[in-house]
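Same order as they appear, the protein sequences are chains H and G. According to the numbering used here, the residues represented by the first sequence are 783 to 943, in order. According to the numbering used here, the residues represented by the second sequence are 783 to 943, in order. Cβ coordinates follow ideal geometry from the N, Cα and C atoms, glycine included. Everything below concerns the one structure shown next.
Protein chains: 2
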Amino acid sequence: MFACVQPSSSVDRLADGLGTLLGYLMRTAEGDIFRDLMELDLSPSQVRALFLLDRAASPPAVHELAAELGLSMAAAGRAADALVRHGLAERHSDAVDRRVKRISATAAGRDLVGRLCAARRDDLRRFAESLTEEERTGLVNALAPILARPQVRALTIGPHC
Amino acid sequence: MFACVQPSSSVDRLADGLGTLLGYLMRTAEGDIFRDLMELDLSPSQVRALFLLDRAASPPAVHELAAELGLSMAAAGRAADALVRHGLAERHSDAVDRRVKRISATAAGRDLVGRLCAARRDDLRRFAESLTEEERTGLVNALAPILARPQVRALTIGPHC
DNA sequence: TATTGTTATACTCTATAACTATA
DNA sequence: TATAGTTATAGAGTATAACAATA
Numbered sequence: 783m784f785a786c787v788q789p790s791s792s793v794d795r796l797a798d799g800l801g802t803l804l805g806y807l808m809r810t811a812e813g814d815i816f817r818d819l820m821e822l823d824l825s826p827s828q829v830r831a832l833f834l835l836d837r838a839a840s841p842p843a844v845h846e847l848a849a850e851l852g853l854s855m856a857a858a859g860r861a862a863d864a865l866v867r868h869g870l871a872e873r874h875s876d877a878v879d880r881r882v883k884r885i886s887a888t889a890a891g892r893d894l895v896g897r898l899c900a901a902r903r904d905d906l907r908r909f910a911e912s913l914t915e916e917e918r919t920g921l922v923n924a925l926a927p928i929l930a931r932p933q934v935r936a937l938t939i940g941p942h943c
Numbered sequence: 783m784f785a786c787v788q789p790s791s792s793v794d795r796l797a798d799g800l801g802t803l804l805g806y807l808m809r810t811a812e813g814d815i816f817r818d819l820m821e822l823d824l825s826p827s828q829v830r831a832l833f834l835l836d837r838a839a840s841p842p843a844v845h846e847l848a849a850e851l852g853l854s855m856a857a858a859g860r861a862a863d864a865l866v867r868h869g870l871a872e873r874h875s876d877a878v879d880r881r882v883k884r885i886s887a888t889a890a891g892r893d894l895v896g897r898l899c900a901a902r903r904d905d906l907r908r909f910a911e912s913l914t915e916e917e918r919t920g921l922v923n924a925l926a927p928i929l930a931r932p933q934v935r936a937l938t939i940g941p942h943c
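If you want it as structure tokens, here you go:
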């Protein structure tokens, strides 16, 4: 019989450490993010739709929105309705195929996304500020080669969020 | 006038790097976690209730459950109902005050929580395995002093999750 | 005939309020 | 009278199905 307690590998230790860090960051997030959303009374689906519209290269049709959000077309249409009512998105009839209605974010919609991203960033800044200079630079240096990896960069969306 | 482009501080760089890492981890999570939940057809509130019951030192009353979940007592009672119907939780009449019904996780409930935590852990392990040995040990070492901080340890829940 | 989008209906989850049981 | 919990009703959000418009 071998010993029951295995010495943990660097994989185990890192998975553990990251799990703890993620849990801590989630629990300490002040969530000023949600203040704006509560005021506007947006549902989670509506928020996801808005983020999708913000980062979309070109305004998606309702059925594309539905597919990307994992919603029925009816539900996606209603989510778009709500965003339009709030002045966060606009409907345009497609010039080529007049069946399709394309949805795009308005300036106000993009502004809201920007503020939500800034709130998330502030949460991370607060954490970063709570560390010593040594801890910060140590983590920045350890993170650098990982964030430079192609597979990570490929899934990195943009400068914000 | 000063230059418009400020050199970013270590705080900025770390906040940025962590944001990117978090985004990557979220986007690459395979989410086998949700397979179990879909089968059982548990709502988010029911899952949160189950996690709360699993880590509770003693079985909470329905009104305590409601307060911790941020739900109405009626909604908390219904969430408990669903868990009981699925065999994941039990109701006990309090021996002292027969008005209160205490809710506790069953062995099946704790087992499900364990499996959900294991799924999250596996996602992080997969990421850790995708790194080189140098990257892993670098990150483990950079994380070590931070995770040892009292304020982080205070918010760390348990060995799993 | 096939496809896009909207409207009609049903189901789930929630909150508020009314109700029952216990203190 | 006050408190714990359940039940009744109403309000979102979603999906499925029926419908209208366009291809």
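Selection from H:S825, H:L853, H:L832 and H:N923 that minimises the alpha carbon distance to D893 (chain H): One-based indexing of the first sequence puts residue 893 (chain H) at position 111. Nearest of H:S825, H:L853, H:L832 and H:N923 to D893 (chain H), Cα basis: H:L832.
State buried or exposed for V829 (chain H), treating a residue as buried only when at least 16 other CB atoms are found within 10 Å of its CB. Position 47 of the first sequence, counted from the first residue, corresponds to residue 829 (chain H). Buried, since its Cβ has 16 or more Cβ neighbours within 10 Å.
Could you compute how far the alpha carbon of P841 (chain H) sits from the alpha carbon of A838 (chain G)? Position 59 of the first sequence, counted from the start, is the residue given in the question as residue 841 (chain H). Position 56 of the second sequence, counted from the start, is the residue given in the question as residue 838 (chain G). Rounded to the nearest angstrom, the two C-alpha atoms are 47 Å apart.
Which one or two residues does DSSP pair with I885 (chain H) in a beta bridge? As a first step, residue 885 (chain H) must be located in the first sequence, where it is residue number 103. DSSP lists H:R873 as partners of I885 (chain H).
Take the Cβ of T802 (chain H) as the centre, count every other Cβ of all protein chains shown within 10 Å, and call the residue buried at 16 or more, exposed below. Reading the first sequence from its first residue, position 20 is the one you call residue 802 (chain H). Looking at its Cβ environment, which holds 16 or more other Cβ atoms inside 10 Å, T802 (chain H) is buried.
Taking one C-beta from the segment 868-882 of chain H and one from the segment 905-925 of chain H each time, how about it: are there three or more such pairs within less than 8 Å? Cβ pair count under 8 Å is below three, so no.
Give me the Cα-Cα distance between Q933 (chain H) and V844 (chain G), rounded to the nearest whole angstrom. Numbered from its first residue, the first sequence carries residue 933 (chain H) at position 151. Numbered from its first residue, the second sequence carries residue 844 (chain G) at position 62. Rounded to the nearest angstrom, the two C-alpha atoms are 46 Å apart.
Report the partner residues of A843 (chain G) according to the DSSP bridge assignment. Start at 1 with the first residue of the second sequence, and residue 843 (chain G) comes out as number 61. Here A843 (chain G) is bridged, per DSSP, to G:R884.
Does the count of Cβ pairs from the segment 888-903 of chain G and the segment 857-871 of chain G closer than 8 Å reach three? Contact between the segment 888-903 of chain G and the segment 857-871 of chain G is present, because at least three Cβ pairs lie under 8 Å.
Could you tell me whether any Cβ in chain H is nearer than 8 Å to the Cβ of V922 (chain G)? Counting from one through the second sequence, the residue named residue 922 (chain G) turns up at place 140. At a cut-off of 8 Å between beta carbons, V922 (chain G) contacts chain H.
Please state whether DSSP places C899 (chain G) in a helix, a strand or coil. If you number the second sequence from 1, residue 899 (chain G) lands on position 117. In this structure, C899 (chain G) counts as helix in the three-state DSSP scheme.
Please specify which runs of the alpha helix (DSSP H), each continuous and at least 4 residues long, are wholly inside the segment 788-836 of chain G, giving them in chain order. Annotation note: the segment 788-836 of chain G contains the following uninterrupted alpha helix (DSSP H) runs of length 4 or greater, listed N- to C-terminal: 792-810 and 815-822.
Which of the three DSSP states, helix, strand or coil, is assigned to D863 (chain H)? As a first step, residue 863 (chain H) must be located in the first sequence, where it is residue number 81. In the structure shown, D863 (chain H) sits in a helix (DSSP, three-state: H, G or I).
Distance CB(T947 (chain H))-CB(G799 (chain G)) smaller than 8 Å: Residue 947 (chain H) lies beyond the stretch modelled for chain H, which goes from 783 to 943, so this question has no answer here.
Could you give the C-beta distance for R880 (chain G) and D818 (chain G), rounded to a whole number, given that I count them as a contact under 8 Å? Residue numbering aside, residue 880 (chain G) sits at position 98 when the second sequence is read from its first letter. Residue numbering aside, residue 818 (chain G) sits at position 36 when the second sequence is read from its first letter. Contact between R880 (chain G) and D818 (chain G) fails: their C-beta atoms lie close to 36 Å from each other, not under 8 Å.
Measure the alpha-carbon distance for V895 (chain G) versus L796 (chain G) and round it to whole angstroms. Counted from its first residue, the second sequence places residue 895 (chain G) at position 113. Counted from its first residue, the second sequence places residue 796 (chain G) at position 14. Spanning the two alpha carbons is a distance of roughly 32 Å.
Quick one, which residues of the segment 885-907 of chain G are near chain H if we go by CB-CB under 8 Å, in chain order? Cβ contacts with chain H: R902, R903, L906 and R907.
Which residue marks the beginning of the alpha helix (DSSP H) containing T938 (chain H), and which one marks its end? Along the first sequence, one-based indexing puts residue 938 (chain H) at 156. Careful: T938 (chain H) lies outside any alpha helix (DSSP H) and carries neither H nor E.
Could you tell me the boundaries of the alpha helix (DSSP H) in which A920 (chain H) lies? Residue numbering aside, residue 920 (chain H) sits at position 138 when the first sequence is read from its first letter. According to the sequence as given, residue 920 (chain H) is Gly; it is not Ala. Per DSSP, G920 (chain H) belongs to the alpha helix (DSSP H) from E915 to L929.
Please state the DSSP three-state secondary structure of A890 (chain H). Counting from one through the first sequence, the residue named residue 890 (chain H) turns up at place 108. DSSP, reduced to helix, strand and coil, places A890 (chain H) within a helical segment of the structure shown.
Would you mind stating whether L834 (chain H) and L853 (chain H) have Cβ atoms separated by less than 8 Å? The residue labelled residue 834 (chain H) in the question sits at position 52 within the first sequence. The residue labelled residue 853 (chain H) in the question sits at position 71 within the first sequence. Taking 8 Å as the cut-off, the beta carbon of L834 (chain H) is found no closer than this to the beta carbon of L853 (chain H).
When the cut-off is 8 Å and only beta carbons count, does G805 (chain G) lie next to chain H? Residue numbering aside, residue 805 (chain G) sits at position 23 when the second sequence is read from its first letter. So yes, G805 (chain G) belongs to the interface.
What residue from H:K883, H:E812, H:D876 and H:V878 has the CA that sits closest to A858 (chain H)'s CA? In the first sequence, the residue the question calls residue 858 (chain H) occupies position 76. Ranking the options by Cα distance to A858 (chain H), first place goes to H:K883.
Among H:L847, H:E821, H:A856 and H:R903, which residue has its Cα nearest to the Cα of D794 (chain G)? Your numbering for residue 794 (chain G) matches position 12 in the second sequence. The shortest C-alpha separation from D794 (chain G) is found at H:R903.
Give me the residue from H:L906, H:A861 and H:A926 with the minimum Cα distance to M808 (chain H). Numbered from its first residue, the first sequence carries residue 808 (chain H) at position 26. Closest in C-alpha terms to M808 (chain H), from the list H:L906, H:A861 and H:A926, comes H:L906.
Give the straight-line distance between the Cα atoms of L824 (chain G) and A901 (chain G), rounded to the nearest whole angstrom. Here residue 824 (chain G) is taken as the residue at index 42 of the second sequence, counted from 1. Here residue 901 (chain G) is taken as the residue at index 119 of the second sequence, counted from 1. Counting only the Cα atoms, A901 (chain G) lies some 17 Å from L824 (chain G).
Smallest Cα separation from S790 (chain H): which of G:T810, G:T919 and G:C943? Position 8 of the first sequence, counted from the start, is the residue given in the question as residue 790 (chain H). Measuring C-alpha to C-alpha distances from S790 (chain H) to each of G:T810, G:T919 and G:C943 identifies G:T919 as the nearest.
Beta-carbon spacing of A924 (chain G), L921 (chain H) below 8 Å: Here residue 924 (chain G) refers to the residue found at position 142 when the second sequence is read from its first residue. Here residue 921 (chain H) refers to the residue found at position 139 when the first sequence is read from its first residue. Against a cut-off of 8 Å, the Cβ pair of L921 (chain H) and A924 (chain G) comes out as a contact.
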